[in-house]
Amino acid sequence: MTMKISNDNIQISNKILSILFAGARPFSIRRLGELCEASTKDVEEAMRVLETQLENLPLMLQTSGNDVQLVTRPEYVDIVKQVVRDEMAGELSRPSLETLTILAYRGPLTRPELEQIRGVHSSLILRNLMLRGLVEEKEDARLGQPTYAVTFAFIQHLGLKSLEELPDYESLRGHEHVVDVLKEMEEEAEAKEKTQEASV
Amino acid sequence: MTMKISNDNIQISNKILSILFAGARPFSIRRLGELCEASTKDVEEAMRVLETQLENLPLMLQTSGNDVQLVTRPEYVDIVKQVVRDEMAGELSRPSLETLTILAYRGPLTRPELEQIRGVHSSLILRNLMLRGLVEEKEDARLGQPTYAVTFAFIQHLGLKSLEELPDYESLRGHEHVVDVLKEMEEEAEAKEKTQEASV
Amino acid sequence: MLGLFFVSRGAILPPVPITFQTAQFEGPLDLLLQLVEKEELEISEVSLAIVADQFVQYVKEGQGKIAPEELADFLVIAAKLVYMKSKLLLPSLVDDALEEGPDLATQLRLYQQFVAASRTVNGMWESDQVSFPRERRTVRQLEPSFVPPRDLTTTAMRELMQAVITRLTPIIKLPQAAMQRVMTIQDKIASLAQKLRTHASFRFSSVLRQAKDKGERVVSFLALLELVKQRVVKVAQTDLFDDIDVAAHELDRLADLQLEFV
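Protein chains in written order, with the numbering used here: chain X, 1042 to 1241; chain D, 1042 to 1241; chain F, 2 to 263.
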């Protein structure tokens, strides 16, 4: 019985690998489930199997939120660079860096949430980073506002498997101050909504 | 001693795999040798190692004459076909439709110009539209960049003789906001050029 | 300087000479952080009050260097700082608008952490550890095909193009919009002055009540401080925790009032 389940997983894991390889782009876990006719749980389990299988190979799974992509391990940068151009190269300005860092640790964030942390109007810098393909608008809006997060291209340029590998990720992501600031904003927005409802 | 040789082989085999994966095209054995700084014999030996490593995965090396390429195993052809078919025949996403529309009303545009209007990095979308025969690269480049426009087949598909027949063509094509945002970009580019000249 | 008025009423804060030379700063919090760090102070309510004057001075001198769309953000922080400093001297002064949200010290500490993290991220960005996805070149080798979108009509295309243009509007109009935000301070001063002409004196809370939002209340407060500083008005408080009474002082000065912030 156990044997069979594990066999099934290997099957799904191979399906996933062939999809990620042939598609050559990020896929959501949900879409992978549809394509493999498997549950989200099975896909996640298969991804763990895959990670073990890829252990000794120069490839790895890179995740961002619910999306996953197959990429080369950062140790092979020198050799791969000979055949593929690194489109992301170039310096980051301080405001860019600051915005990317906040979104990497705390994203997806709405623009007001980001501005609350930066203390400064950020629509131009967001637009700039979206033009460079370092930030993208996510599908899930919050409080009627679009949310923003860093892209796979950014994660790739940092050579990370996922943003959780950033130093002090847990503490900065879940830091009480961030949580406080955002909670207060949410309460404010809710209060405002209520007033508007009342006035209608 | 044997140990060391075998380790070296694994190293070369991983180098080869990373090149074949990221490059996504056939490479000659000679070229692989150059890139990995190894002899043809070592490359051939490493390829045998690779074949064993890939045994349980859905990927394999495909050789044709002196060229070698990384491909999915034939057993996975159905699932891979579906991924490709999805991308080709699925309904176009809103960002894709938007890109197509901008190129219809305002094309030919360079990629930076298109991105300036959309506010979002657009290389993947452009590639996808080209793949579907809806957009093509034009011969006339601008500012050293290729320009893109919708294809004649697409214009015909809309039932138009020319793009000027699009509703409100003149007013939307020449809208001041579009003109302004492109002008702003041009000025920035010129300013940048000047700074670079000055610093040389 | 905005803060001087309060200092002259009996400074409990050590005066800090403005010796810090113009450095690059990216936003109001960045400037504030640099000022606090320059004084080798921990971030606290008191340390922020100490650098308040320097901050205001910088904003005044650096106006040309501050992007117009950011000026309003500098003003909001300036108002908060002046308010914090005023509170240390005048504990009964409470303004709900400026009390709202996280306090400035908390906000700045958080910002400081992200600035530190961004240096690490920059190190990672510049180090050569990059991973690559597979190039999407192979797909191009497929037979060129023509796969048009099924339901796209020219009417739908017109709407899409209009939506794109609408989205561009705030980008084009942003600097103007920001300037308008700054301009409202001037409007506010004008309306306070008008009120003084017709009422001789009024309570500040009545002004705050009329404000539509937090931003406007901040601006009202800033406008009042400016009028006090320019000696156009006098403010008085009969008792601790009482409302602030605003009365005309030298209203005729209003005519040649030079607004240093606008």
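Backbone N, C-alpha and C define an ideal beta-carbon position, used for all residues, glycine too.
Residue from the options with nearest C-alpha to residue i
i, options, result
"residue 1168 of chain D", "D:1061, D:1180, D:1140, D:1149", "D:1140"
"residue 1210 of chain D", "F:168, F:247, F:161", "F:161"
"residue 51 of chain F", "F:62, F:104, F:85", "F:85"
"residue 66 of chain F", "F:206, F:157, F:29", "F:29"
"residue 1054 of chain D", "D:1089, D:1075, D:1066, D:1067", "D:1089"
"residue 1052 of chain X", "D:1125, D:1201, D:1120, D:1076", "D:1120"
"residue 1172 of chain D", "F:110, F:149, F:116, F:131", "F:149"
"residue 1195 of chain X", "X:1082, X:1147, X:1130", "X:1130"
"residue 1187 of chain X", "X:1079, X:1113, X:1164, X:1142", "X:1164"
"residue 1066 of chain X", "F:137, F:38, F:89", "F:137"
"residue 129 of chain F", "X:1162, X:1182, X:1149, X:1197", "X:1197"
"residue 1183 of chain X", "X:1149, X:1102, X:1095, X:1091", "X:1149"
"residue 1096 of chain X", "X:1202, X:1207, X:1212", "X:1202"
"residue 1124 of chain D", "X:1075, X:1126, X:1162, X:1207", "X:1075"
Residues that DSSP places opposite residue i in a beta bridge
i, result
"residue 1122 of chain D", "In DSSP, residue 1122 of chain D forms no bridge with anything."
"residue 146 of chain F", "None, per the DSSP bridge assignment."
"residue 1109 of chain X", "X:1068, X:1104"
"residue 1135 of chain X", "DSSP, once it has assigned bridges, lists no residue as partnering residue 1135 of chain X."
"residue 204 of chain F", "F:246"
"residue 1 of chain F", "No statement about residue 1 of chain F is possible, as the shown extent of chain F runs from 2 to 263 and does not include it."
Enclosing alpha helix (DSSP H) for residue i [first to last residue]
i, result
"residue 119 of chain F", "105-127"
"residue 1210 of chain D", "1210-1214"
"residue 31 of chain F", "29-39"
"residue 1094 of chain D", "1081-1094"
"residue 235 of chain F", "Taken as a continuous stretch (DSSP letters only), residue 235 of chain F belongs to no alpha helix (DSSP H), being part of the beta strand (DSSP E) at 234-237."
"residue 59 of chain F", "46-62"
"residue 1190 of chain X", "Looking at the DSSP string, residue 1190 of chain X is not in any alpha helix (DSSP H); the run it does join, the beta strand (DSSP E), is 1186-1191."
"residue 1171 of chain D", "1164-1172"
"residue 1153 of chain X", "1152-1159"
Chain-ordered neighbours of residue i on chain F, where CB pairs are closer than 8 Å
i, result
"residue 1092 of chain X", "Chain F residues near residue 1092 of chain X: none, gap ~14 Å exceeds 8 Å."
"residue 1182 of chain X", "By Cβ distance, chain F contributes nothing, its closest Cβ being about 15 Å from residue 1182 of chain X, past 8 Å."
"residue 1197 of chain X", "131, 132, 133, 134"
Range of the contiguous beta strand (DSSP E) that encloses residue i
i, result
"residue 1101 of chain X", "1100-1105"
"residue 130 of chain F", "Taken as a continuous stretch (DSSP letters only), residue 130 of chain F belongs to no beta strand (DSSP E), as it is neither H nor E."
"residue 1183 of chain D", "1176-1183"
"residue 1115 of chain X", "Run containing residue 1115 of chain X: none; DSSP gives neither H nor E here."
"residue 25 of chain F", "Taken as a continuous stretch (DSSP letters only), residue 25 of chain F belongs to no beta strand (DSSP E), as it is neither H nor E."
Proximal chain D residues relative to residue i, where beta-carbon distance stays under 7 Å
i, result
"residue 136 of chain F", "1063, 1064, 1065"
"residue 1126 of chain X", "Near residue 1126 of chain X there are no residues of chain D at all, since even the closest Cβ is about 11 Å away, more than 7 Å."
"residue 1168 of chain X", "1160"
Closer than 9 Å at the beta carbon, the chain X residues around residue i
i, result
"residue 1123 of chain D", "1060, 1076"
"residue 1143 of chain D", "Those within 9 Å of residue 1143 of chain D in chain X number zero; the least Cβ separation is about 14 Å."
"residue 56 of chain F", "Chain X residues near residue 56 of chain F: none, gap ~12 Å exceeds 9 Å."
Closer than 7 Å at the beta carbon, the chain X residues around residue i
i, result
"residue 1185 of chain D", "The premise fails here: residue 1185 of chain D is roughly 16 Å from chain X at the closest Cβ pair, so nothing lies under 7 Å."
"residue 1099 of chain D", "1055, 1058, 1059"
"residue 71 of chain F", "1161, 1162"
"residue 74 of chain F", "1160, 1161, 1162"
"residue 1120 of chain D", "1056, 1059, 1060, 1076"
"residue 59 of chain F", "The premise fails here: residue 59 of chain F is roughly 15 Å from chain X at the closest Cβ pair, so nothing lies under 7 Å."
Any non-hydrogen atom of the ligand MN closer than 8 Å to residue i Cβ
i, result
"residue 52 of chain F", "Summarising the ligand content, the structure contains no ligands, and the ligand MN is consequently not present."
Neighbouring residues, chain F, relative to residue i (Cβ below 7 Å)
i, result
"residue 1108 of chain D", "Per Cβ cutoff of 7 Å: no residues; residue 1108 of chain D is ~13 Å from chain F at best."
"residue 1132 of chain D", "150, 151"
Closer than 8 Å at the beta carbon, the chain D residues around residue i
i, result
"residue 1117 of chain X", "1055, 1056, 1059"
"residue 121 of chain F", "Residues of chain D passing the Cβ test: none, with the nearest at roughly 25 Å."
Interface residues of chain X facing residue i [CB-CB closer than 8 Å]
i, result
"residue 1156 of chain D", "1172"
"residue 30 of chain F", "1159, 1160, 1161"
"residue 78 of chain F", "1160"
"residue 112 of chain F", "1158, 1159, 1160"
"residue 116 of chain F", "1139"
Amino acids of chain F, ordered along the chain, whose beta-carbon sits closer than 9 Å to that of residue i
i, result
"residue 1209 of chain D", "159, 162, 163"
"residue 1112 of chain X", "132, 133, 134, 135"
Handout entry: At least 3 beta-carbon pairs within less than 8 Å: the stretch 1198-1218 of chain D vs the stretch 151-171 of chain F
Key = By the criterion of at least three beta-carbon pairs nearer than 8 Å, the stretch 1198-1218 of chain D is in contact with the stretch 151-171 of chain F.
Problem - Sufficient close CB pairs (3 or more, under 8 Å) joining the stretch 1147-1158 of chain X to the stretch 1061-1080 of chain X - result: Below 8 Å, too few C-beta pairs join the stretch 1147-1158 of chain X and the stretch 1061-1080 of chain X to call them touching: fewer than three.
Exercise for the section: Mind the definition here: the stretch 117-134 of chain F touches the stretch 1162-1178 of chain D only if three or more C-beta pairs lie below 8 Å; say whether that holds. Expected result: Taking 8 Å as the limit for Cβ pairs, the verdict is that the stretch 1162-1178 of chain D does not touch the stretch 117-134 of chain F.
Problem - Segment contact, 8 Å Cβ cut-off, at least three pairs: the stretch 1108-1122 of chain X with the stretch 1172-1185 of chain X - result: These segments do not touch.
Practice task
Examine the Cβ distances between the stretch 1055-1064 of chain X and the stretch 1116-1130 of chain D and report whether three or more of them are shorter than 8 Å.
Solution key: Result yes; three or more Cβ-Cβ pairs closer than 8 Å.
Problem - Segment contact, 8 Å Cβ cut-off, at least three pairs: the stretch 29-42 of chain F with the stretch 65-84 of chain F - result: Yes, they touch.
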